[in-house]
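Protein chains in written order, with the working numbering: chain A, 131 to 249; chain B, 131 to 249.
Here's what the structure looks like:
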């Protein structure tokens, strides 16, 4: 058993919008993701989704408002709420959600990652 | 809905070994805790427990080994594994676990927090 260094794990991949699992917490995945540009509008009907920004800045648009996260900020997108993450410059985040959660939620499409890789 | 700045939230309390809730993720609590000195040996029979160090350093002793976490490191203590967190200097961490989780697990005693406060 060993500690997981988030920066060291983040250095092992460079693709955007492709979450990598680093740990399990019961039946939840602890994932790292690098983001740049805009993701798709989507929602997760069965779960909340936690974002914790570890580098850079992230905007999470929702239909009625937007939340802006700087380094060291977290936000939990409530279950069923449509959202669209975006980052004008590269942003790194920790994402925690049930392991079966699909990154694009109900939206599907080209940005869907069918199988979450581990780093 | 707004982002939660972990450093700003951490500035709102100073007591050690008394986790404060800052968010819910489904039925999980996202908690902040400040630690200094040694906690009690205990285990959580029904859940894993996630620690993410945001400031300082934390050692999590288990019966057969110990894990040392520096800032930006996370560790998930597996369900049922006896552990004792300790920090020679003040350490700040994020802890994620089901909302009903008692900080001292099966051990009870003076360090038990019966009701988790929110900050």
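Idealized CB from N, CA, C, for every residue including glycine.
(message) I'd like to know whether the C-beta of residue 189 (chain A) is nearer than 8 Å to at least one C-beta of chain D.
(response) Absent from the structure: chain D. Protein chains present are A and B.
(request) Taking 8 Å as the cut-off, decide whether the C-beta atoms of residue 172 (chain B) and residue 237 (chain B) are in contact. (result) Stepping through the second chain from its first residue, residue 172 (chain B) is reached at position 42. Stepping through the second chain from its first residue, residue 237 (chain B) is reached at position 107. Contact flag set, yes.
(request) Would you mind stating whether residue 216 (chain A) and residue 191 (chain A) have Cβ atoms separated by less than 8 Å? (result) The count along the first chain starts at 1 and reaches residue 216 (chain A) at position 86. The count along the first chain starts at 1 and reaches residue 191 (chain A) at position 61. Contact: yes.
(request) Jot down the residue ranges of each uninterrupted alpha helix (DSSP H) in the stretch 190–247 of chain B, minimum 4 residues, whole runs only, in chain order. (result) Taking only runs of at least 4 residues, no alpha helix (DSSP H) segment lies wholly in the stretch 190–247 of chain B.
(request) Verify the CB distance criterion: does residue 156 (chain A) have a CB-CB separation below 8 Å to chain B? (result) On the first chain, position 26 is the one that residue 156 (chain A) refers to. Chain B, which has a Cβ nearer than 8 Å to the Cβ of residue 156 (chain A), makes this yes.
(message) Strictly by DSSP, which residues pair up with residue 183 (chain A)?
(response) As a first step, residue 183 (chain A) must be located in the first chain, where it is residue number 53. For residue 183 (chain A), DSSP records a beta bridge to A:223.
(message) Counting C-beta neighbours from all protein chains within 10 Å, is the total for residue 235 (chain B) 16 or more, i.e. buried, or is it exposed?
(response) To locate residue 235 (chain B), count along the second chain from 1; it is residue 105. The residue is buried, with at least 16 neighbouring Cβ atoms inside 10 Å.
(request) Buried or exposed for residue 193 (chain A), please, with buried defined as at least 16 other CB atoms from any protein chain shown within 10 angstroms of its CB. (result) The residue you call residue 193 (chain A) lines up with position 63 of the first chain. Its Cβ having fewer than 16 others within 10 Å, residue 193 (chain A) is exposed.
(request) Answer with buried or exposed for residue 231 (chain B), where buried requires no fewer than 16 other C-beta atoms within 10 angstroms of its C-beta. (result) The residue given as residue 231 (chain B) occupies position 101 in the second chain. By the neighbour-count rule (16 or more Cβ atoms within 10 Å), residue 231 (chain B) is buried.
(request) Count the C-beta pairs between the stretch 135–145 of chain B and the stretch 158–176 of chain B that are closer than 8 Å, then say yes if the count reaches three, no if not. (result) Taking a contact to require three or more Cβ pairs closer than 8 Å, the stretch 135–145 of chain B and the stretch 158–176 of chain B qualify as touching.
(message) Counting only C-beta atoms, is residue 221 (chain B) closer than 8 Å to chain A at any point?
(response) As a working note, residue 221 (chain B) is residue 91 in the second chain. Using a Cβ-Cβ cut-off of 8 Å, residue 221 (chain B) does not count as an interface residue toward chain A, since no Cβ of chain A sits closer than that to its own.
(message) When you compare the CB of residue 131 (chain B) with every CB in chain A, is at least one pair closer than 8 Å?
(response) Locating residue 131 (chain B) in the second chain gives position 1, counting from the first residue. With 8 Å as the cut-off, residue 131 (chain B) counts as an interface residue toward chain A.
(request) Look at residue 153 (chain B) and residue 197 (chain A) and say whether their C-beta atoms are less than 8 Å apart. (result) By one-based count along the second chain, residue 153 (chain B) stands at place 23. By one-based count along the first chain, residue 197 (chain A) stands at place 67. Judged by their CB atoms, residue 153 (chain B) and residue 197 (chain A) are not nearer to each other than the 8 Å cut-off.
(request) Measure from the C-beta of residue 210 (chain B) to each C-beta in chain A and report whether the shortest distance is under 8 Å. (result) Within the second chain, the letter at position 80 stands for residue 210 (chain B). No - not a single Cβ of chain A is within 8 Å of the one on residue 210 (chain B).
(request) Mind listing the chain A neighbours of residue 206 (chain B)? Cutoff is C-beta to C-beta under 8 Å, in chain order. (result) For the purposes of this step, residue 206 (chain B) is taken as residue 76 along the second chain, with counting starting at 1. Correct list: 153, 154, 155, 160.
(message) Run through the DSSP bridge pairs and tell me what residue 131 (chain A) is partnered with.
(response) Translated into positions along the first chain, residue 131 (chain A) becomes position 1. In the DSSP output, where bridge partners are listed per residue, residue 131 (chain A) has none listed.
(request) Just tell me which of B:207, B:242, B:149, B:239 has its CA closest to the CA of residue 189 (chain B). (result) In the second chain, counting from the first residue as 1, residue 189 (chain B) sits at position 59. Taking only the C-alpha atoms, the option nearest residue 189 (chain B) is B:207.
(request) Quick one: residues in its chain with C-beta nearer than 7 Å to the C-beta of residue 157 (chain B), no 5 flanking neighbours on either side, listed in chain order? (result) What you label residue 157 (chain B) is simply residue 27 of the second chain in a count that begins at 1. These residues qualify, in order along the chain: 228, 229.
(message) Check this for me: beta carbons of residue 277 (chain A) and residue 149 (chain A), under 8 Å apart or not?
(response) What is shown of chain A runs 131 to 249, which leaves residue 277 (chain A) out entirely.
(request) Classify residue 137 (chain A) as buried or exposed, calling it buried when 16 or more other Cβ atoms lie within 10 Å of its own Cβ. (result) For the purposes of this step, residue 137 (chain A) is taken as the residue at position 7 of the first chain. Exposed, since its Cβ has fewer than 16 Cβ neighbours within 10 Å.
(request) Compute the distance between the beta-carbons of residue 223 (chain A) and residue 181 (chain A), then report whether it is under 8 Å. (result) Counting from one through the first chain, the residue named residue 223 (chain A) turns up at place 93. Counting from one through the first chain, the residue named residue 181 (chain A) turns up at place 51. Taking 8 Å as the cut-off, the Cβ atoms of residue 223 (chain A) and residue 181 (chain A) count as close.
(message) Under 8 Å, Cβ to Cβ, is there at least one residue of chain A near residue 202 (chain B)?
(response) Looking up residue 202 (chain B) in the second chain gives position 72. With 8 Å as the cut-off, residue 202 (chain B) counts as an interface residue toward chain A.
(request) Tell me where the alpha helix (DSSP H) around residue 148 (chain B) begins and ends. (result) Here residue 148 (chain B) corresponds to residue number 18 of the second chain, with the count starting at 1. Element bounds for residue 148 (chain B): n/a, residue is neither H nor E.
(message) Comparing C-alpha positions only, which one of A:248, A:219, A:202, A:233 sits nearest to residue 183 (chain A)?
(response) Numbered from 1 along the first chain, position 53 holds the residue referred to as residue 183 (chain A). Checking every option, the nearest Cα to that of residue 183 (chain A) belongs to A:202.
(request) For residue 135 (chain A), decide whether its Cβ has a neighbour in chain B, counting only Cβ atoms nearer than 8 Å. (result) As a first step, residue 135 (chain A) is located in the first chain; it is residue number 5 there, counting from the start. The Cβ of residue 135 (chain A) sits closer than 8 Å to at least one Cβ of chain B.
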